[in-house]
Amino acid sequence: TNKEADSTVKFAPYHGNVLAIDESKTMHDNNVSVIHEIAITEFIAGTIYNVEIASMDAAGNVANETLPRFSTAADDLPPEITHIKADSTVFLDRDNKIQTIISWLTSEPSTSQIYYQEGVQGANTTLSEKTDLNTNYTKEHVMVITKFKPGVVYSFRVESVDSGGNTSLSNVHT
């Protein structure tokens, strides 16, 4: 800046060309200077960000600028899927319904989807049924399936896709 001023950086990621305003963060440095530097360690690889910078001088004058879409280095690694867990509850009423909660963790924020099919399936089987895609990017995934029938064995796989489009598909679980 041409006058001594503080420093502020506000940033938010894009997920599939949609700005995730609810994930925006602001970093502020009260130190006044004409040279501004704020280190940000929270950027996720391969993610596009909206970045706004601003400085305010002692008189309250504000200089700000929105940078063109900013991208971190390419993310070529898919999310790692771990801790897959399935819990079912039987509701004994006239319809005998099943509620199954399937949860898992990923090494980076990613989407959630489950593929499933009746019966015990082999490792390379393409499962015929799937849940709706949950496009919320998270590391902790929880999905509920209410379509399972009591007394029937099911096979399932979980899938997560990071913001760089890298896909992970788990092994088949029964």
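Using the working numbering, the first residue of the sequence shown is number 5, and each one after it goes up by one.
C-beta: ideal position from N, C-alpha, C; glycine also.
Looking at the backbone, the Cα of G64 and that of L71 are separated by about 22 Å. For R161, the enclosing beta strand (DSSP E) begins and ends at 158 to 165. N100 sits away from P17, with the two beta carbons spaced by 8 Å or more.
Taking each of I48, E8, D91, A43 in turn and checking the Cα distance to S107, the smallest one comes out for D91.
Taken through DSSP and simplified to helix, strand or coil, I25 comes out as helix. The beta-carbon distance between S164 and I105, rounded to whole angstroms, is 17 Å. This is too long to meet the 8 Å contact definition. Counting of Cβ neighbours within 10 angstroms places H145 among the buried residues, the total reaching 16 or more.
Taking C-beta separations shorter than 8 Å and ignoring five residues to either side along the sequence, the partners of H19 in its chain run T139, Y141, S167, following chain order. Distance from the CA atom of S37 to the CA atom of A9, rounded to whole angstroms, is 5 Å.
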